[in-house]
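First the structure, in the form of structure tokens, and then the observations on it.
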Amino acid sequence: KNEVEQSPQNLTAQEGEFITINCSYSVGISALHWLQQHPGGGIVSLFMLSSGKKKHGRLIATINIQEKHSSLHITASHPRDSAVYICAVRERLGNEKLTFGTGTRLTIIP
Amino acid sequence: DGGITQSPKYLFRKEGQNVTLSCEQNLNHDAMYWYRQDPGQGLRLIYYSQIVNDFQKGDIAEGYSVSREKKESFPLTVTSAQKNPTAFYLCASTGLAGVSEQYFGPGTRLTVT
């Protein structure tokens, strides 16, 4: 069973700072997801990636398959970025199941 | 707009009662999922369904039951056999199973006293 670990568990930063959240997993995967959960509880999918790098606005996600590691970066952070960021992995193509990390709680202070 | 709806957002029940959580999607997705979220833990899969009239147990199916009579609907029943039912429950769906992003509903927070 894949173990998914995120770091840090909690992160507080000033508005404008560059943010990095890390995710490591133990078994080879076909895809990795980054999700965002706001205080109300709803979850939004940010990225799904299997190699390289993806960018959407101020968010950048990278993955290193050999090192079994992914990072989520936020540039020019803003208080509205405050949320829990969750990493999840799918072990093989066609597998229904995702294994989730416990999340990183990000707080951006104005 | 297409999406997933879950109702109600908050649900309170007495111990020993069964309760059914609703999940409806209009995304025309084949696969649907139920997850449970507890403080300090990652989401855990309860049940999932890839097609109408078929579903599989996830990692923590004991004390729960589901049905998939329609493509759009995947209700979850929390039975009295579930020992710790108080949790946040999330429904999700995906289009092409295994290769697409999962879309999540807003969740239902169940409190059993």
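These protein sequence lines are chains A and B, in that order. Per my numbering, residue 296 is the first one in the first sequence, and the count goes up by one each step. Per my numbering, residue 259 is the first one in the second sequence, and the count goes up by one each step. C-beta: ideal position from N, C-alpha, C; glycine also.
For residue i, the three-state DSSP class (helix, strand or coil)
i, result
"D376/A", "helix"
"I262/B", "strand"
"A350/B", "strand"
"V310/B", "coil"
"G363/B", "coil"
"G347/A", "strand"
"F342/A", "strand"
"E300/A", "strand"
"A339/B", "coil"
"T397/A", "coil"
"A319/B", "coil"
"N305/A", "strand"
"S325/B", "coil"
"L301/B", "coil"
"S358/B", "coil"
Residue range of the unbroken beta strand (DSSP E) whose run includes residue i
i, result
"L368/B", "366 to 370"
"T315/A", "314 to 320"
"Q332/A", "326 to 332"
"Q378/B", "Residue 378/B cannot be examined here, being either before or after the span of chain B that is shown, 259 to 371."
"L285/B", "Segment: none, L285/B is in no beta strand (DSSP E) and carries neither H nor E."
Residue i - partner residues in DSSP beta bridges
i, result
"S344/B", "Checking the displayed sequence, the identity of residue 344/B turns out to be Thr instead of Ser. Bridge partners of T344/B: none, in fact."
"S270/B", "It should be noted that the sequence gives Phe, not Ser, for residue 270/B. The partner list for F270/B (beta bridge, DSSP) reads T369/B."
"L369/A", "A small correction: the amino acid at residue 369/A is Ile; Leu does not occupy that position in the sequence shown. Note: I369/A sits in a beta bridge opposite I314/A, L354/A."
"I360/A", "For I360/A, which the question treats as bridged, DSSP gives no partner whatsoever."
Quiz item: Just by C-beta distance, which residues in the segment 293 to 304 of chain B are closer than 7 Å to chain A?
Solution: Going along the segment 293 to 304 of chain B in chain order, one finds G298, Q299, G300, L301, L303 with a Cβ nearer than 7 Å to chain A.
Quiz item: the segment 311 to 329 of chain A: which residues have C-beta closer than 9 Å to a C-beta of chain B, in chain order?
Solution: Flagged, chain order: S325, A326, H328.
Quiz item: Residues in the segment 349 to 363 of chain A with C-beta within 7 Å of chain B's C-beta atoms, listed in sequence order?
Solution: Hits within the stretch: zero.
Self-check item: Residues from the segment 332 to 346 of chain A in contact with chain B, defined by Cβ distance under 8 Å
Solution: Flagged, chain order: G335, G336, G337, I338, V339, S340, M343.
Self-check item: Interfacial residues, the segment 364 to 380 of chain A to chain B, with Cβ spacing under 7 Å
Solution: Under the 7 Å Cβ criterion, the segment 364 to 380 of chain A contributes no residue.
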